[in-house]
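**Q**
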Amino acid sequence: MIEERQLHRPARSLANGTDACVLTPEEAGWTYSGLRIVRMSPGEVRSIETGGDEFAVLPLSGGTSAVTAEDTRYDLYGRDTVFARVTDWAYVPIETTMTIEATGDRPVELALCSARATQRFAPHYGAAEDVSVELRGGGQASRQINNFCSPEQFSGAEKLMVVEVYTPDGNWSSYPPHKHDDSPDCEVNNEEIYYFRIGDAGDTNYTETGFGMHRTYTGSGHEGLPEIDENVVVHDGDVFLIPRGYHGPCIAAPGYNMYYLNVLAGPGGERSMAFCDDPTHHWVRDDLSNQPMDARLPLMTSEGLS
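Counting in the working numbering, the sequence shown runs from 393 upward without gaps.
1. Taking the alpha-carbon of GLY658 as reference, which of PRO646, GLU501, ILE634 has the nearest alpha-carbon?
2. Quick check: what's the CA-CA separation for ASP463 versus THR491?
3. Could you tell me the alpha carbon to alpha carbon distance between ALA482 and GLY602, rounded to whole angstroms?
4. From ARG528 to MET605, what distance separates their C-alpha atoms?
5. At which residues does the beta strand (DSSP E) containing VAL503 begin and terminate?
6. Use the C-beta contact count for ARG508: other C-beta atoms within 10 angstroms, 16 or more gives buried, fewer gives exposed.
7. Secondary structure at PRO451, three-state DSSP: helix, strand or coil?
8. Under a three-way DSSP split, which group does ASP733 fall into?
9. Are the stretch 570–579 and the stretch 641–655 touching by the rule of at least three beta carbon pairs closer than 8 Å?
10. So SER681 is in the alpha helix (DSSP H); what residue range does that whole segment cover?
11. Please report how far the alpha carbon of ALA687 lies from the alpha carbon of THR559, in whole angstroms.
12. Rounded to a whole number of angstroms, what is the C-alpha to C-alpha distance between PRO646 and GLU622?
13. Would you kindly work out how many angstroms separate the C-alpha atoms of LEU691 and GLY616, rounded to a whole number?
14. Here's a check: name, in chain order, each residue in its chain whose Cβ is nearer than 6 Å to the Cβ of TYR567, leaving out the five neighbours to either side.
15. Identify whether GLN375 lies in helix, strand or coil by the three-state DSSP scheme.
16. Whole angstroms is fine: what's the gap from ASN682's alpha carbon to HIS570's?
17. VAL580 bridges to which residues according to DSSP?
18. From what residue to what residue does the beta strand (DSSP E) around GLU441 run?
19. For PRO543, does the three-state DSSP call read helix, strand or coil?
20. From this set, GLY661, SER439, ASP522, which residue's C-alpha is nearest ASN582's C-alpha?
21. Here's a check: name, in chain order, each residue in its chain whose Cβ is nearer than 6 Å to the Cβ of VAL459, leaving out the five neighbours to either side.
22. Given GLU395, which residues of its chain have a CB within under 6 Å of its CB, disregarding the five upstream and five downstream residues?
23. Buried or exposed: which applies to THR596, given that a residue is buried once 16 or more other Cβ atoms fall within 10 Å of its Cβ?
24. For ARG512, I'd like the list of residues in its chain whose CB is within less than 7 Å of its CB, leaving aside the five on either flank, ordered along the chain.
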């Protein structure tokens, strides 16, 4: 099991060469979820054997790219930054040779989200305009979720679930605190990765000086395991690992929009992102649903900024 001090991984603490993050299940100390942030120069080509991992390839920043799997090529238009637009993406199954190429005249940054799996599904291209954009919460806890690889949006994976969450500056998200672990009161057990990007409010640029906050803690149902009680400042490129316990809120500091990529996988027979709230704060969910949605949302669509 992960030690408490290892849950927060600051930007580039998981770097390997030009790749900003290489997080395997072994590095995380768990079984299923993984993430690699790949940075490629124009014209660069990489060949990756997926082995026992299924992948979602998600453009984060920069130019165009292409993914080839099973002799089928998927051209990804991508986006300037994660704050610019909803992007297209590709799914690549286990036991496949995956070739990735930076096809444009700019460097490209891609998230290779992964889960250990045993069933082999077909490769898939997901168009940006087909991504379900959900507005959740209300008031100061309004946020945007791009459900590109959620169980409801995409059924062609065994374990892997991935969504993008956008929190406008000054707002809260992942709130009320909730969990999905092996405690008796939870129906679903998922390991979860949070990969953060922080941007200047009002434009689409990343910022090294901006920041946000994240909380994860354990309550009842985790007897015999090390307690988790983490309240951390997160910056652009940070990673936070959630093996168990309640997580939330994530808070975007005024002046800085927050993005996080959630990668989930677990031992369950069916993919599910079900959760259970901290009962102390469950009442807040109903209260937020009665508040108006933040008028700034959605921050962007597949056509660009709103």
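Even glycine gets a Cβ: it sits at the ideal position worked out from N, Cα and C.
If you're wondering where the values come from, they're calculated on a predicted model, not measured in any experiment.
**A** Well, looking at it:
1. ILE634
2. 10 Å
3. 30 Å
4. 19 Å
5. Here residue 503 is Ala; the residue named in the question, Val, does not match the sequence. Taken as a continuous stretch (DSSP letters only), the beta strand (DSSP E) holding ALA503 covers 500–508.
6. buried
7. It is a strand residue.
8. There is simply no residue 733 to check, as the chain begins at 393 and stops at 698 in what is shown.
9. no
10. 675–681
11. 13 Å
12. Looking at the two C-alpha atoms, the distance is approximately 22 Å.
13. Between the alpha carbons of LEU691 and GLY616 lies a distance of about 43 Å.
14. ALA533, GLY640, PRO641
15. Past the boundaries of the shown model lies residue 375; the chain is included only from 393 to 698, so the question cannot be answered.
16. 20 Å
17. For VAL580, which the question treats as bridged, DSSP gives no partner whatsoever.
18. 437–441
19. coil
20. GLY661
21. VAL449, TYR466, ALA482, ILE492
22. Note that GLU395 scores a pLDDT of 46, beneath 50, so its modelled location is shaky; the value from the coordinates is reported in the next line. So no residue of the chain qualifies.
23. Buried, since its Cβ has 16 or more Cβ neighbours within 10 Å.
24. These residues qualify, in order along the chain: PRO485, ILE486, GLU487.
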